[in-house]
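Numbered as in my numbering, the sequence shown ends at 1274 without a single skipped number.
Quick reminder that beta carbons are idealized off the backbone N, C-alpha and C, glycines included.
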Amino acid sequence: MTDPRNLAPSGPLLPDASSRPPDVAVIQLRLPTFVRKNPRVMFAQVEAVFDLHRVTSETTRFRHLLCNLPPEVADEVADVICAPLNDAPYQRLK
1181 MTDPRNLAPS GPLLPDASSR PPDVAVIQLR LPTFVRKNPR VMFAQVEAVF
1231 DLHRVTSETT RFRHLLCNLP PEVADEVADV ICAPLNDAPY QRLK
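Printed below as a string of structure tokens:
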């Protein structure tokens, strides 16, 4: 009888790097609360958070900001939220 510890694997145990999907990092950002009185300062803080976490994509910035808007502010910019620009959605929302 053959000892199973002596059997060589018939194929690779792990797929090679070229056949694996790319690694995706998920980050959790804590953005400052939207301040209606002085949105310019709030946007400076938001952009500092994006810079610290190396968030450079316009679409990713747009989505993070969108998820953190208070409902009453989201209602005011609903036209921008529902039809964002393809090339600069964050800048348009800002």
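Just so you know, the alpha carbons of V1253 and D1231 end up roughly 24 Å apart. In terms of Cα proximity to Q1271, the closest of E1227, E1256 and P1250 is E1227.
Here V1235 carries a coil assignment [DSSP, helix/strand/coil]. Its chain contains M1222 as the residues whose beta carbon lies nearer than 6 Å to that of V1215, once the 5 sequence neighbours on both sides are disregarded; these appear in chain order.
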